Amino acid sequence: MKRLPIAAVLAVFFGWLLWSVSVRQAALFLVGIGLGAVLAGQRFGFTTGWRMLVEEKDASGIFGQLLLLALAAAMAMPLLGHFPELTAALGPPSISLLVGAFVFGLCMQIADGCGSGTLYKAGMGIPMNTAILPIFAIGSFLGSLHLGWWLDLGHTAPVGLITEWGWAPALGATLAALAAIAAGVAWYARRANAALGRAPRPLLVRKWLVGAVLLAVFATLNLVIAGQPWGVVYGFGLWAAKVANATGAVDLAGNWFWSQPGNAARLHETVLLDVTSITNIGILGGALWIAAGKPAAAKALTGTQWAVALAAGLVLGYSSRLAFGCNVGAMFSGISTGSVHGWIWVPMAFMGTIFGLRIRRHFGF
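So the working numbering is basically just the index in the sequence shown, starting at one, shifted up by 96.
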């Protein structure tokens, strides 16, 4: 399909949202299209950036992500400090977070995508990610069913740096921590490449820098319009939960997660009123528009590789719920809005990535 027909369909859907749902949801749909177009157009993959550092000693993807975090924090934290109606992406430090983040980091390398990566690659028509998307949703829903049990293993109240310190000190500490990580990553990449007898790769690459700037802008628009930070995996779990609830497959009335007022209300509303779902739909549309007329580049998989990838996708969804988000909801939105749980998520997920890459190599992905 060519870009013009896709643009026409997206425009009609935007107009219908504007007329039949709300101005806010229509605006968030446009934000989602922008996010999807940037993710797909710049191939800004969180999973890929981590893999490049570990396997190729190329730190450019990590530097793009650090720039994204810094820009988003610089825009989000003053807004959160001045407008109390806006909410941060807070998650409780917990056993659930530790386990979920580690397992998520492992599985995202096998499945070749985190939440946003799976979404935009599915929008581009890449077969493996397209097949994983509904499996991811089922896994996220299953994780929500068990989240209460996981939290009973041990958790503390969420900690927000803006609430504890104020937005200016929180921003200063966040930027300082990101700068320290950048220095450490640059040192590691330089030493690793020198040990291999080759020149260091450039740290600043245009596609990552452009992607970082544009994603930070669209994420800030999401925060202002939705009143909450950009997220991905909640929408996946909600889609599966609505199917399960409508078919009577599971009684959700007594479930700890789905009996909470906000979640219970979303179960009985149209999915188009959920802010995460509407941006997810927009991301699919934006990625589809970028990929229009271009065949999806995809490696042919064996039966074993398909089985491993789909299993990883299921566990990816499950662990994302335990970890209170993926690279977007937990890492990006958590850190950029001052949540301590985002800083816990990153090292656990990175350790998982190291193991995931070994499994990925073993199965020849």
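Beta carbons: idealized from backbone N, C-alpha and C, even for Gly. All values reported here derive from a predicted model rather than from experimental measurement.
Residue nearest to Ala407 within the set Leu229, Gly323, Thr449, Ile222 is Leu229 (criterion: CA-CA distance). For a cut-off of 8 Å, the C-beta gap from Ala387 to Gly201 is around 27 Å, too long to register as a contact. Per DSSP, Thr143 is one residue of the alpha helix (DSSP H) stretching across 142-147. Bounds of the alpha helix (DSSP H) holding His178 are 156-178. Here the stretch 415-431 makes contact with the stretch 179-190; the two share three or more CB pairs at distances below 8 Å. Fewer than three Cβ pairs drawn from the stretch 342-349 and the stretch 377-384 lie within less than 8 Å of each other, which leaves the two stretches out of contact. Per DSSP, the unbroken alpha helix (DSSP H) holding Gln401 starts and ends at 399-418. Assignment of Ser435 by DSSP, reduced to helix, strand and coil, places it in the strand class. Leaving aside the five residues that flank Ala233 on each side, the residues in its chain whose CB is nearer than 8 Å to its CB run, in chain order, Phe332, Gly333, Trp335, Ala336, Gly413. Taking a C-beta distance under 7 Å as the contact criterion, Val328 and Ser212 qualify as a contact pair. For Arg99, the closest C-alpha among the options Leu384, Thr143, Val424 is that of Leu384.
Judged by beta-carbon spacing, Phe140 lies within the 7 Å limit of Gly307, meaning their Cβ atoms are closer than that value.
Taking all protein chains in view, the Cβ of Thr343 is surrounded by fewer than 16 other Cβ atoms within 10 Å, so the residue is classified as exposed. Pairing Trp112 with Gly452, the inter-Cα distance amounts to about 43 Å. Take the alpha-carbon of Phe109 and the one of Asp208: they are about 30 Å apart. Sequence-distant Cβ neighbours of Val127 in its own chain, meaning closer than 8 Å and more than five residues away, are Phe314, Leu317, Asn318, Ile321, Thr375, Gly378. Relative to Asp370, the option among Met171, Val309, Ile102, Gln121 whose CA is nearest is Gln121. In this structure, the CA atom of Glu365 is about 27 Å from the CA atom of Ile102. The alpha-carbon separation between Ala136 and Lys217 amounts to approximately 7 Å. In the structure shown, Gly256 falls within a strand segment according to DSSP collapsed to helix, strand and coil.
Bounds of any alpha helix (DSSP H) do not take in Trp354, whose DSSP letter is neither H nor E. Around Leu267, the same chain offers Ala169, Ala170, Met173 as residues with beta carbons nearer than 7 Å, after the five sequence neighbours per side are excluded. Residue environment: Ile231 is assigned as buried (16 or more neighbouring CB atoms within 10 Å of its CB, all protein chains considered). With respect to Val134, Leu300 sits apart: the two C-beta atoms are not nearer than 7 Å. Around the Cβ of His437, a 10 Å sphere holds 16 or more other Cβ atoms; the residue is buried. Taking 7 Å as the cut-off, the beta carbon of Val411 is found no closer than this to the beta carbon of Cys210. The beta carbon of His178 sits closer than 7 Å to none of the beta carbons in its chain outside the five residues before and after it. Nearest C-alpha to Gly235 among Ile258, Ala340, Gly262: Ala340.
Across the structure, Leu271 and Leu165 are spaced so that their CA atoms are roughly 9 Å apart.
DSSP, reduced to helix, strand and coil, places Ser190 within a strand of the structure shown. As DSSP reads the structure, His251 sits in a beta bridge with Ser190.
Here the C-alpha atom of Trp245 lies approximately 48 Å from the C-alpha atom of Ala290.
Our two residues, Leu167 and Ile277, have alpha carbons roughly 15 Å apart in a direct line. Gln356 sits exposed, since fewer than 16 C-beta atoms from the chains shown fall within 10 Å of its C-beta. If you draw a straight line from the Cα of Glu260 to the Cα of Pro254, it comes to about 11 Å.
Pairing Lys303 with Thr214, the inter-Cα distance amounts to about 19 Å.
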